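Working notes, structure below.
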Amino acid sequence: MRHKFIKKLSSFVLIVALLLTSNSTALAAGVTEMTGDRVTVSIEKLTLTGGFVLEPTQVSINNGENLESVLNRVAGNQLIWQGDQLYAVTGAESSGDSVPTAISAMGVNANNEAAPTQDSLKEVGLKSPGQLGEQDYCSMSAWICSINNQLIGSDMAGYIPTAGDVIRVQFSLWGNGADLGQALDGNVPAIFAADKDRLMEALAQVEISPYFNMFMTDAEYSEVYHQAMNIAENFQASQATVDAVTDQLKILQPIPAQSIALSTGNLEMNVAQTNGLNVTVYPENATLDRAVVWQSSNPAVAMVDDNGVVTGIGPGVATIQATTQSGNRSATCLVDVKAIPMTGIELNLSGLSLEKAGSYQLNVNYTPENTTDIRDVVWISADTAVVEVSSSGLVTATGMGSATITAQTVGGLSASCEVRVATAQELAEGICEKINQLPKVNALALTDKPELDEVNAEFEACPESGKRLVSTQAIEKLTALINRMTELEMNQALANQVIGTINLLPEPGQVILKNEEAIGLARNAFSEGLTLEQQQLVPETALNKLMACEKMIKQIKKGNQDAAKIVMASIADLPQTGALTLSDVKQVSDVRKSYEALSVDQQCLVDNYEIFNTAELKIIGQIQRGAAGIDEATLKLGSAQFLAFLELGKAYDSLSESEQMLLDTLVSDKILKLEEKVKALNKADCDINLDTPWYVVQQVRRVSDTAEVYHKFIELMKNEKISSASTQLLALYTISLKDMTNYDLDYLPVSEAPITVSLPLNTTDLAYDQWNIVIRQKDGTVTVIGKDNYTVIENCIQFKCINPAQVGLIADQASLKTLQANINTEQINTLEPEITKAVEKTSDYMLIAAANPTIQSGLWETVCFARGGYAVPAGYYELFYSNVIKELEEGEGTISGDRTNTDYSKTILALTAIGKDPTNVGGYNLLSKLSNFTQIKRGGMMAYVWALIALDSNNYEIPLTTTGVQTTRELLIQTILDREVVTSAGVRGGFSLYSDSADAAPDTDVTAMTLQALAKYKDREDVKPVVERAVNTLSGLQNSNGSYGTFGAPETSESTSQVILALTSLGIDPATDFRFIKGDQWVLADLMTYYVDGGGFMHIKAGGTGNGGGEPGTLNGMASYQAMQAMISYNRMKNGKPWIFGISDGFKPVINQGTSLDDLQKEYEKNYGSTKSGSAVSATQASGGGVAATGSASGSAATAASKGGTTAESFTPWSFNGTYTPSTKTNEAEKSGPAVIDQMNGPMIFGGVVIILTGMVAMTIYLIKKKRIKQA
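The sequence shown begins at 418 in our numbering and counts up by one.
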């Protein structure tokens, strides 16, 4: 064959390139292909419009197996080899072979031979009959192989396939591959040929599927499959057509049922009882073989209908089986039908009067009515001389006197009737006597009903001869008594209805305005619906409650009006809209906060709200225009732009959270970036790291040991008796803080909020075992910070102080060697009874507050109940699930209000906790919301953390995304690891929301939450040191009393809760790990100090420093559910179970059969009304002291605090005033760029070698061709 040398050389080069590029990763990692890997193979003669010799299929490959061996296994004796070259394929020729017009139009080759035509096809014909091979039909034809859409030529036998390869053996009729889209020798220009690799792979996967025949029963999919085969065989199919049908083939592929399961495997029931069995098909999105056929193994015991409803027929055991229509999948339930024992019998009369020879039929009533015991009795007469009784209960009088008739069951149950035999006159006299003994008509009471019924029954059973002798007066009295009893029963029933209506009203102290209608209806039912006699049946307690509720409504209305008037007055005090400036922002924002603090009813009474709304929008517009006029690139200290931004930034910080949301997101982001830049500019002259507001200039200088101020500081320490003969002042810093809004005054914090100081330790400092910090404040106060109140992280000491002027690092000259104290954890951990009580009471509080659980309110409560095994009413979890579906349907697959993507992660956690599939929530796949990393990235640090926790909660697969960057676990992990805090001193450890800031410092909450995400990977080589540093950082951040704090708050319960969650996720017991026991106080003991007696937790204890996340000393919803998560997770760890968000252990609901959803809703309305908004409840009020605030759970206790994610969460774990914003990334931080690039040097060098090698071979080919042209 012509150009054989060129073809072999080019084939060799391409094979080498393919091997190098496809196996580079495996070679680098030392990976060996395992048996069972597959490749896609096809043999095609599309250039002769002959379709497939071998339709696309998938073939297993073995280690080191070459392509010749693979092809021989699938094509058998059809292949003819000459060395490494596939020479011919037997049976591939056909009399119907024809040349596509596109090939006929390809022109001549280098030897002036014309492209084949239909006529030339017949002229040249086949070299060997019965086979199709090299130079058949024309001089340039041959079998050529393509690997992953790259032609390698005819010499294909030695190629070693790699798992996933698409191998297409194709007959090239003209141009040595040019007709296949790639010319191997350049002799003939290549024509277009679509890349069909994806299509071939898709067809092969369908072909080898064990469900192929079942697939073809789906008419729509069968049509698409055959259309795809036609397009695959079409030599001239366009790329768009190929791609479109490939996507259809994948998207529309039916999903067969893999297994089915019944809602229970064992069922106990009684005779005549029914119970429905539900079938779950796995996977849940299966579209094939979902229908089932039901069958009972013993219909005499239990029967089942077409809907899976089982009916108990008789005592015994039966197996109910559900089988798919294909017969391939089945599931069973063992049904045990129990006998219903008889508990008692009763005769229709307890007393009977007869004349001699008279008779009466006694009947037996069995209890319960549906008993399965034999309904048979033995009848006995105590004196047959008086009465006889038949086997059926017929009583016959045989003589005068009295006797007892008894009916007795086999099981010993009995009932009796006293029979009196007398003359008609005697019988009538006896009945008259009993009637006369009954109360008078006007004295009759409901309590007399049993006696009256008994006398009336005896009268009705009396013989007619006796009845005729009963006096008219007696009969009239009996009739009047019966009528009066009916009237009394009716009166009581009507009174009971009114009593029930009043009882449904909330207690007076819990009444809200929305109860007004119900209270009015209760009053009308009493006053208008009852007669005076009936009204007297309503107890005084019910009437007092009704009147108290009416009084409370009047008070609420007046209170609402008063509250609305205060806000209206504040609005009236605002400047005229045209005169508003940025200096008025705080006044406008205060009005907004006051308005939002009102209830909905109160807000409706604010008549001048539109005036306020106009003013607020005017301010928002001024901020947006102000931000647009500032150029971040040219912003410099002291410039006019700079001064304008000071005013703008302060105005932005003064806005309420809802007002900040009114701003365009780009404007908000720009202002925050400008604040970061200003903060970075302010830190130009600092020897240590200070965490201060963005608008504060920081200057910190280290004082030399010869400076006067240095010696003055030593004298100060002596005067304060801090130093001794052995004390060494290792370092001294002077600190100057200035508020840039007033250059003449030193900065003094508005509140005494401590700032974080990070002080580097040099080699000399590290020679000491421990240090003390001496702080001199602006007012001259001297404070000493000891080892219990600072943290050493690598080569940096961190502590908090208030308004420092000087900071001194001192140590004792004698080397201090301290021994680790042995802590008696048995004495410390005495909290188990209190924790058990706290979990129980807090669960009770949370269940009522989340009576109607939704994503917005009740998500975390639902997780706590499910993972903590707390008993909830039947249908509670289904209610939450239906609410989730409802919100998704209303949002067309989106969750309203989610700006950071965290809501989807948290909703996935909640659904997993209650055993629901997040991939099909009302038809929506929530996991798809986590597939686009670009979308997750917008939410920042917390979005990465929540996404990883959600995906790992039940080891979910990440769906493929069609937009943005594909999310992978590795990408999430590396992104998180890259955000480890590195301080300005180069110290690593912990995490922050702003880890890339020049002055970044680890935060308790962010570090703890990040550890939860990394816990699953804690033993990985790259993760382990990061986790260890973060755990040590958490230990260092712990206060001396065992507590934790976060932004702007030295101590919060949420911080402590997050630390407990982090430790339990890592399997660390905080009760025994010395790192988390400070001053004999451990973290759960600290958490219990926030507990409110009666149920629930505070955000910050009374008297503590607040940070905007809830008033100190008040019951708080977020604090409560985070504390619950911590306690539940700790309890699970102690019992050898996975931590709270490791939900691979399944869902086992605990149902409270004694409480219904209606009961829960009534209790909610009783406590909070029908809305969850309201003012905060103090801890004293919540525990029973004082009067609880009307209509409230505690601010956001039962509302947004319970939401899966909030707007504030994109910045901090809870809302605060925003004074902490980091500076922009420093040049030093940016220097990390080359380190990242270096990680890519290996692959880049390898790729360079491949490119150079390919280039050298290409040049060789060029020179050979050039020589041949010259020779020609």
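From the three backbone atoms N, C-alpha and C, an ideal C-beta is built for every residue, glycine too. Note that the structure is a prediction, hence the values are computed from the model and not measured.
Around the beta carbon of Tyr-1012, a 10 Å sphere encloses 16 or more other beta carbons of the protein chains shown; the residue is thus reported as buried.
When the five nearest sequence neighbours on each side are left out, the beta carbons in the same chain lying within less than 7 Å of the beta carbon of Thr-1329 are those of Pro-1335, Ser-1370, Asn-1371 and Ile-1560, in order along the chain. For Leu-960, the enclosing alpha helix (DSSP H) covers residues 957-989. Annotation for Gln-502: no alpha helix (DSSP H) segment contains it, though the beta strand (DSSP E) segment containing it runs 502-507.
C-alpha of Phe-1464 to C-alpha of Asp-1420: approximately 8 Å in a straight line. Following the DSSP letters along the chain, one finds Asn-683 inside the beta strand (DSSP E) bounded by residues 683-687. No Cβ-Cβ contact shorter than 8 Å links Leu-844 with Gly-761. In this structure, the straight-line span from the alpha carbon of Thr-1400 to that of Leu-1410 is close to 14 Å. The shortest C-alpha to C-alpha distance from Gly-1043 to any of Glu-1074, Ile-1312, Val-1084 and Gly-1055 is the one to Val-1084. Assignment of Ser-626 by DSSP, reduced to helix, strand and coil, places it in the coil class. Shown here, Lys-755 sits in a strand according to DSSP, grouped into three states. Under DSSP, Leu-1107 takes part in a beta bridge, and its partners are Val-1174. For Thr-1392, there is no enclosing beta strand (DSSP E); the enclosing alpha helix (DSSP H) has its first and last residue at 1386-1395.
Between the alpha carbons of Ala-735 and Ser-680 lies a gap of roughly 17 Å. Taking the Cα positions, Gly-1197 is about 23 Å away from Lys-1204. Taking every protein chain shown into account, the CB of Phe-1062 has 16 or more other CB atoms within 10 angstroms, so this residue is buried.
As computed with DSSP, Asp-1229 is found in a beta bridge with Thr-1144. In the structure shown, the three-state DSSP call for Ser-655 is coil. Sorting Met-523, Glu-1278, Asn-1342 and Val-1280 by C-alpha distance to the C-alpha of Glu-1309 places Asn-1342 at the top. Taken in chain order, the complete alpha helix (DSSP H) segments of 4 or more residues contained in the stretch 1462-1525 are 1470-1483 and 1500-1505. Look at Gly-744 here: in three-state DSSP terms it is coil, with no helix or strand label. Collapsing the DSSP output to three states places Asp-454 in a strand. Cβ-Cβ distances below 7 Å link Leu-1178 to Asn-1212, Cys-1213 and Ile-1214 in the same chain, with the five nearest sequence neighbours on each side left out; the list follows chain order. Close CB contacts of Asp-1024 within its chain, under the 6 Å cut and outside five residues either way in sequence, are absent. Around the beta carbon of Val-1008, 16 or more other beta carbons lie within 10 angstroms, which makes this residue buried.
With a cutoff of 8 Å on beta-carbon distance, Ser-770 and Arg-837 are scored as near each other. Listed in chain order, the alpha helix (DSSP H) runs fully inside the stretch 598-643 are 614-625 and 629-632, counting runs of at least 4 residues. The beta carbon of Leu-811 sits closer than 7 Å to the beta carbons of Ser-776 and Gln-778 from its chain, once the five residues preceding and following it are set aside; these are given in chain order.
In the three-state reduction of the DSSP assignment, Val-476 falls in the strand class, which pools E and B.
Classified as buried, Asp-596 has 16 or more neighbouring CB atoms from the shown chains inside 10 Å of its CB. Within a 10 Å sphere around the beta-carbon of Leu-949 sit fewer than 16 other beta-carbons, which makes this residue exposed. Nearest in C-alpha terms to Lys-539, of all of Ala-942, Gln-1539, Asn-526 and Gly-513, is Gly-513. Sequence-distant Cβ neighbours of Pro-856 in its own chain, meaning closer than 6 Å and more than five residues away, are Asp-865. According to the DSSP assignment, Met-817 belongs to no beta strand (DSSP E), since it is labelled neither H nor E. Arg-1386 is positioned such that its CB atom lies closer than 8 Å to that of Leu-1368. By the criterion of a C-beta distance shorter than 6 Å, Ile-497 is surrounded in its chain by Tyr-504 and Ala-505, once the five residues flanking it on both sides are discounted.
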